[in-house]
Structures are given as structure tokens and as C-alpha cells.
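Each residue of the sequence shown is one higher than the last, beginning at 2 in the numbering used here. The beta carbon of each residue, even a glycine, is placed where N, CA and C say it ideally should be.
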Amino acid sequence: MLDFIRDPSIYNLVRGPFVWLAFLVFIGASVYKVRRLYLMAKNEKVVLPAIKLPAARRSILHWIVPFGSRNWRMRWPITVTTFVFHVGLVFTPIFLLSHNVLWYESWGIHWWSLPESVADVMTVLVMICCVVFFLRRVFAPEVRFVTSADDLLILAISFFPFLTGFLAYHELLLPYKTMVIIHMLFGQIMLIAIPFTRLAHMFYFFMTRAFMGSQTASWGGKDW
Ligand code: HEM
Ligand code: HEM
């Protein structure tokens with residue numbers, strides 16, 4: 002932020018005030034959306050009392066463990082793709098050395114970083130998974146039937162921070178600084194989009210599974 006006040010260049014704008022804005026919107030809007038869904042559930046009167054913690058926990062656990070649910074076991078290629086994709090998507094940016102350097106420079110905090118070669122492989126895997134999801138959405142008739150523009154949009158929002166981060170790191174295609182600026186913008190678009198698009202499933206997943214798991218358990222069944 003101070004760098005931007007001293008030298009108001011595009012780089013310092015995107016590296017300073019825009020980062021603040023992206024994180025504030027991401028955290029603020031996410032808290033608001035989760036709270037709103039919780040209050041809606043509370044108003045319905047029958048939703049919250051239906052939640053049974055052990056059943057909710059079991060359901061979430063079965064769905065976040067690879068092959069933990071029947072649905073995951075029935076479609077192993079897409080299960081592998083989904084898990085590789087999410088592990089890379091969540092852990093790469095958090096444990097990326099380049100990102101950790103930025104946290105250290107700005108806040109003096111640091112934590113463990115992935116070896117750069119591992120981060121690079123994870124980045125490439127995330128991009129490959131995005132391409133697989135895209136091809137599946139375009140070519141598999143049963144998936145195409147339920148695909149809307151939103152689904153392609155969230156795929157693009159997930160893909161571009163990885164592509165541009167990779168191109169910047171390897172100094173490919175455009176001068177390094179230009180590519181890093183583009184990368185930071187795509188990263189910020191992703192953060193801001195999470196609470197406002199279907200990417201909010203990052204939070205809703207746990208809430209819907211808790212409800213579904215409890216419902217099926219009260220009928221004597223299980224939802225995995
Ligand atoms: C808030 C804004 C962000 C900033 C300021 C930022 C900044 C950076 C910087 C400076 C680099 C380093 C390029 C180099 O090595 O010199 C980088 C790389 C990278 N970033 Fe970000 N980033 C942001 C958001 C994100 C997000 C949201 C993701 C993905 C979810 C992401 C994924 C990556 C990846 C995958 C790489 C390259 C890794 C590799 O190929 O080794 N970044 N980022
Ligand atoms: C951390 C908690 C998260 C959980 C538990 C989760 C869970 C899931 C699940 C269960 C699916 C459906 C997979 C299928 O239909 O086979 C999915 C799809 C997807 N997730 Fe997540 N997710 C999380 C975070 C994220 C984040 C942070 C992003 C991106 C910013 C993301 C992007 C996507 C995308 C793009 C798809 C759709 C792939 C397609 O086209 O079918 N997820 N997620």
C-alpha cells in the first residue's frame with residue numbers, strides 16, 4: 002500500500018490496494034453469504050433441528066475422502082480429476098514460495114513453502130484437470146445437457162490464475178512484470194468471484210452435505 006502512495010504505478014496498484022480490495026471482498030462477502038444461508042435455514046424452522054452432528058460429520062467425511070462415497074467409486078476418472086484439481090487449487094497458492102515471499106515482505110509472516118518443482122507440477126496438474134472438466138462439459142452428452150455458461154465461467158476463473166502464474170514464473174510469452182500484473186488481476190478476480198458465483202460451493206458444500214446427510218440418516222439411510 003505504501004509503495005503505491007510513494008510510486009503510483011500500475012504494478013504497485015495491483016500489488017497493493019487491489020490485493021486489499023480482493024481479500025476484503027472475498028472475506029466480507031463470504032461471511033455475509035454463509036451467514037445469510039444460515040439465517041434462511043434458521044427461519045425455515047425445520048432445517049436446523051433436522052441437523053444431526055454425527056450424521057453430518059459422517060456425510061462430509063465420506064464426500065471429502067477420495068472414493069469415500071458410492072458416487073465417487075462409480076466414476077473413478079472424474080473422481081481422480083476432481084481430487085487432484087482441488088488439492089492443487091487449494092494448497093498450491095497457500096504454500097507457494099512466491100506467494101509466501103509476498104506475505105513476508107508485506108506482513109513479516111511466513112510459513113512452510115512447497116519445493117518450487119512440486120508447485121510447478123501441481124500447477125500443471127490443475128490446468129490439465131481444468132481442460133478435462135472443460136472437455137467433459139462440452140463432449141459428454143449427459144454433462145453437456147446440464148451445463149450452463151456459469152459452469153464454463155467458473156472453470157475459466159479457476160484456470161487463468163494458474164496459467165498466468167506459471168507463465169510469469171517461467172518468464173514465458175510476455176515480459177515478466179506484465180505477466181505478473183495479469184496474474185495478480187486474475188488471482189484477484191478469482192478471490193472476488195468465490196462468494197458471488199457457484200465457486201461459493203467451497204462453503205456451501207459443507208452446509209448442504211450436513212443437511213443431506215442428516216436427512217437421509219433420519220430415514221434410516223446414508224447419502225454416500
Ligand atoms: C491476490 C493476488 C495474488 C498475487 C499478488 C499473486 C502473486 C504471485 C506472484 C508474484 C507470483 C510469482 C511469479 C514468480 O515466480 O516470480 C505468483 C505465482 C503463482 N500464483 Fe499467484 N498471486 C495471487 C493470487 C493467486 C491465486 C488466487 C492463485 C490460484 C488459486 C495463484 C496461483 C499462482 C501460481 C500457480 C503461480 C505459479 C506457480 C508455478 O508455476 O511455480 N495466485 N503469484
Ligand atoms: C475447499 C473446499 C471445496 C470443496 C469441498 C469442493 C467440492 C467440490 C465438489 C464435490 C465438486 C463436484 C465434483 C463433480 O461434480 O464431480 C466440485 C467441483 C468444482 N469445484 Fe470445488 N470444492 C472446494 C473448493 C473449490 C474452490 C476454492 C474452487 C475454485 C476457486 C473450486 C472450483 C471447482 C470447479 C471449477 C468445479 C467444477 C468442475 C466441473 O466443471 O465439473 N472448488 N467442488
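For GLU117, the enclosing alpha helix (DSSP H) starts and ends at 117-140. When distances are taken from the beta-carbon of ILE155 to the heavy atoms of ligand 2, the shortest one is below 6 Å. Nearest in C-alpha terms to VAL88, of all of VAL119, SER99 and TRP104, is VAL119. For the set LEU136, PHE161 and TYR205, the Cα lying nearest the Cα of MET180 is the one of PHE161.
Excluding the 5 residues flanking it on each side, THR82 has same chain C-beta neighbours closer than 6 Å at CYS130 and VAL133, in chain order. Burial check for GLY166: the Cβ neighbour count within 10 Å reaches 16 or more, so the residue is buried. DSSP places HIS111 in the coil class of the three-state scheme, outside both helix and strand.
A distance below 7 Å separates the beta carbons of ALA30 and PRO196.
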